[in-house]
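Residue numbers (the numbering used here), protein chains in the order written: chain A, 106 to 290; chain B, 358 to 594. Using N, Cα and C, we set each Cβ at its ideal position, and we do this for glycine too.
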Amino acid sequence: MTPTTDGADAMRSAIEACARQDQSALKHILEVEGGRLLGVAQRMLRRRDLAEEAVQDTFVQIWRKAHQFSAESGSARAWIYAILRNRCLTILRDGQRLSTMGAEDLAAIQDARQYLAASEAWRGLGGGALRDCLAQLDQPARQSILLAYVAGFTHGEIAVIQKVPLGTAKSWVRRGLAALRGCLS
Amino acid sequence: MTDDLDLMADEYVLGLLDELAERRFEKRLATDSALRDSLARSRERFLALDLTVPEQIGAVTLWPGIEASLTPEVAIAAEPEPPVVAPPEAEAPRRRPLRSYLPAGAAAAAGLVVGAFIASQTLQPDPVVIAVLLSDQGVPQAVVEDFGNENARVRFVADVAVPEGQVMEVWTLPSLEMGPVSLGLLEAAAPRTLDGPELPRPLAGQLYEITIEQEGGSPTGRPTGPILAKGFAALQG
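As structure tokens, this is what we get:
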């Protein structure tokens with residue numbers, strides 16, 4: 106499921122059209138990527154209403170910041186998904202937001218993120234270079250990276266989940282990231 | 358050295374940098390093209406994890422809500438323009454970007470209604486514009502009447518708590534060239550007439566905003582603190 110060159114160019118053109126105030130281009134991006142963006146948000150936030158909020162906010166940000174996107178930003182899709190991911194992390198870390206949820210809700214969300222999100226993503230990867238390189242990592246390093254990227258956990262949370270000291274979790278992540286960079290370059 | 362940059366970029370993408378490191382990273386992106394390249398590579402590396410997620414249905418139903426939020430405003434930035442590559446949530450501390458679920462038209466209509474009520478209650482000259490300032494949840498917090506003669510009156514329509522040692526500062530954006538201009542400070546959420554600087558006559562759709570600043574107001578002459586509420590002016594009469 107890698108984007109074709111045509112697809113990548115089309116997404117770039119759509120963002121450039123947004124910068125020219127073309128709302129139909131933004132709607133097009135929603136039609137093409139919205140389902141996946143919702144999926145990523147839902148996987149991290151575990152609640153449809155929060156995921157919808159994150160996606161809605163993302164599209165407003167795409168619109169406002171389209172003029173900032175340029176060739177050196179990398180691919181258009183990576184730019185869009187980065188906006189979404191940051192929105193999700195902000196929602197996750199917004200203490201005010203989470204404090205309005207009941208204890209049972211919070212626990213359920215935490216469990217789902219912990220046990221489902223990372224494994225769903227790993228199984229869903231199918232083939233490809235990232236999959237191959239992640240497979241070459243030792244399990245603790247791979248799991249730590251997936252917990253961070255897919256579920257949005259912090260170093261401290263990963264340490265608790267993996268039942269290791271904070272320093273160990275950090276070094277697992279660093280080791281895994283270095284190995285991935287080497288494998289994928 | 359390159360390894361350090363690449364690691365920083367990876368950890369940023371994974372959301373693992375602490376708040377301070379994150380802010381430093383985003384600030385550095387503005388001037389460090391090697392770091393921007395590293396960030397772009399890092400994002401591409403992990404993108405496959407996102408692209409292989411099962412698609413959810415119903416994304417297009419979000420369009421009306423998105424469309425309603427696409428007002429042609431220019432947000433008053435609370436910090437320098439974020440770097441080219443970094444997404445716009447480069448905001449510190451982590452707070453939700455402002456969004457209004459009230460379509461711009463409805464907020465302006467609210468301003469007209471409020472204006473008619475206020476004018477009927479006071480002997481003051483009519484304001485040139487009235488702006489209903491909304492929280493990021495779209496809930497009205499304050500009303501600003503700008504009289505166009507250096508005076509602006511602010512009333513609060515919700516309970517607003519100002520943290521100890523901080524003040525509210527009221528801003529308006531007369532034009533892009535002028536940038537945000539302070540109309541004055543408010544210690545508490547009580548009605549107050551502000552004696553502001555001489556400015557061009559306020560226009561329909563002009564942006565008004567209240568931020569929380571340190572005691573004495575923003576040290577830079579631009580908003581530096583979080584946005585309490587914002588809104589767009591409705592022309593009166």
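Would Pro437 of chain B pass as an interface residue toward chain A - the criterion being a Cβ-Cβ separation below 7 Å? Caution applies to Pro437 of chain B, whose pLDDT of 43 falls short of 50 and renders its modelled position unreliable; the value that the coordinates give is listed next. It does not; no Cβ of chain A falls within 7 Å.
Note down, in chain order, every chain A residue with its Cβ under 8 Å from the Cβ of Trp420 of chain B. Lys132, Leu135
Report the option in A:Cys193, A:Ala264, A:Trp227, A:Leu289 whose CA atom is closest to the CA atom of Val145 of chain A. Residue A:Cys193 is the option with its Cα nearest to Val145 of chain A.
For chain A, check one thing: does any of its Cβ atoms lie closer than 7 Å to the Cβ of Ala378 of chain B? no
Quick one: list the residues of chain B neighbouring His260 of chain A, beta-carbon separation under 7 Å, in chain order. Those are Leu373, listed as they occur along chain B.
Where do the N-terminal and C-terminal ends of the beta strand (DSSP E) with Asn508 of chain B fall, by residue? Note, Asn508 of chain B: beta strand (DSSP E), 508-513.
Contact with chain A by Ser307 of chain B, beta-carbon distance below 7 Å: It is not possible to answer for residue 307 of chain B, since the shown part of chain B is limited to 358 through 594.
Using DSSP bridges, identify the partner residues of Gly281 of chain A. DSSP output for Gly281 of chain A lists no bridge partner at all.
Inspect the CB distances between the region 362-378 of chain B and the region 153-171 of chain A and report whether three or more fall short of 8 Å. no
Spatial neighbours of Ala120 of chain A within its chain, please: C-beta separation below 6 Å, excluding the five flanking residues on both sides. Here residue 120 of chain A is Ile; the residue named in the question, Ala, does not match the sequence. Within the same chain, and ignoring the five residues on either side of Ile120 of chain A in sequence, the residues whose Cβ sits closer than 6 Å to its Cβ are Ala171, Phe174, Ala181.
Classification of Thr529 of chain B by the beta-carbon crowding that lies within 10 angstroms, buried from 16 upward: The residue is buried, with at least 16 neighbouring Cβ atoms inside 10 Å.
Could you tell me if the beta carbon of Glu566 of chain B falls within a distance shorter than 6 Å of some heavy atom in the ligand COA? Ligands in the displayed structure: none, and consequently the ligand COA is not present.
How long is the line joining the alpha carbons of Asp237 of chain A and Asp127 of chain A, rounded to whole angstroms? 40 Å
May I have the straight-line CA-CA distance separating Gln563 of chain B from Ser129 of chain A, to the nearest angstrom? The C-alpha of Gln563 of chain B lies about 26 Å from the C-alpha of Ser129 of chain A.
Do Leu142 of chain A and Leu189 of chain A have their C-beta atoms closer together than 7 Å? yes
For chain B, is any of its Cβ atoms less than 7 Å away from the one on Met106 of chain A? Because Met106 of chain A carries a pLDDT of 43, less than 50, the predicted location of this residue cannot be relied on, and the following value inherits that uncertainty. Chain B contact via Cβ: present.
Short CB-CB distance (under 7 Å) between Ala499 of chain B and chain A: Chain A contact via Cβ: absent.
Would you give the residue range spanned by the alpha helix (DSSP H) that Ala246 of chain A belongs to? 244-254
Among A:Arg169, A:Gly139, A:Ser249, nearest to Ala124 of chain A - alpha-carbon criterion: The residue from A:Arg169, A:Gly139, A:Ser249 with its alpha-carbon nearest to that of Ala124 of chain A is A:Arg169.
Using a beta-carbon distance cut-off of less than 8 Å, what residues from the region 403-420 of chain B approach chain A? Phe403, Leu404, Ala405, Leu406, Asp407, Leu408, Thr409, Val410, Pro411, Glu412, Gln413, Ile414, Gly415, Ala416, Val417, Leu419, Trp420
Do Asp407 of chain B and Tyr186 of chain A have their beta-carbon atoms positioned less than 7 Å apart in this structure? yes
For Gln161 of chain A and chain B, any beta-carbon pair shorter than 7 Å? yes
Would you mind telling me which residues of chain B sit closer than 7 Å to Tyr254 of chain A, beta carbon to beta carbon, in chain order? Leu371, Phe403, Leu406
With a 10 Å radius around its C-beta and 16 neighbouring C-beta atoms as the bar for buried, classify Lys97 of chain A as buried or exposed. Outside the displayed range of chain A (106 to 290) lies residue 97 of chain A, so it cannot be described from this structure.
From the beta carbon of Asp367 of chain B, is the nearest beta carbon of chain A less than 7 Å away? yes
Assigned secondary structure, Pro559 of chain B (DSSP; H/G/I helix, E/B strand, else coil): In the structure shown, Pro559 of chain B sits in coil (DSSP, three-state: anything other than H, G, I, E or B).
Return the CA-CA distance between Gly553 of chain B and Ile414 of chain B, expressed in angstroms with no decimal places. 51 Å
At least three beta-carbon pairs within less than 8 Å, the region 382-396 of chain B to the region 277-285 of chain A: no
Looking at Arg549 of chain B and Gly505 of chain B, is the spacing between their C-beta atoms short of 7 Å? no
List the residues that DSSP assigns as beta-bridge partners of Tyr565 of chain B. B:Thr529, B:Gly588
Measuring alpha carbon to alpha carbon, tell me which residue in A:Asp114, A:Gly139, A:Met149 is nearest Ala256 of chain A. Nearest of A:Asp114, A:Gly139, A:Met149 to Ala256 of chain A, Cα basis: A:Met149.
Does DSSP classify Leu364 of chain B as helix, strand or coil? Note: Leu364 of chain B maps to helix in three-state DSSP.
Since Gln161 of chain A is in the alpha helix (DSSP H), which residue starts that stretch and which ends it? 153-170
Quick check: what's the CA-CA separation for Gly536 of chain B versus Arg512 of chain B? 24 Å
Leu235 of chain A versus Asp363 of chain B - alpha carbon distance: The alpha-carbon of Leu235 of chain A is positioned some 17 Å away from that of Asp363 of chain B.
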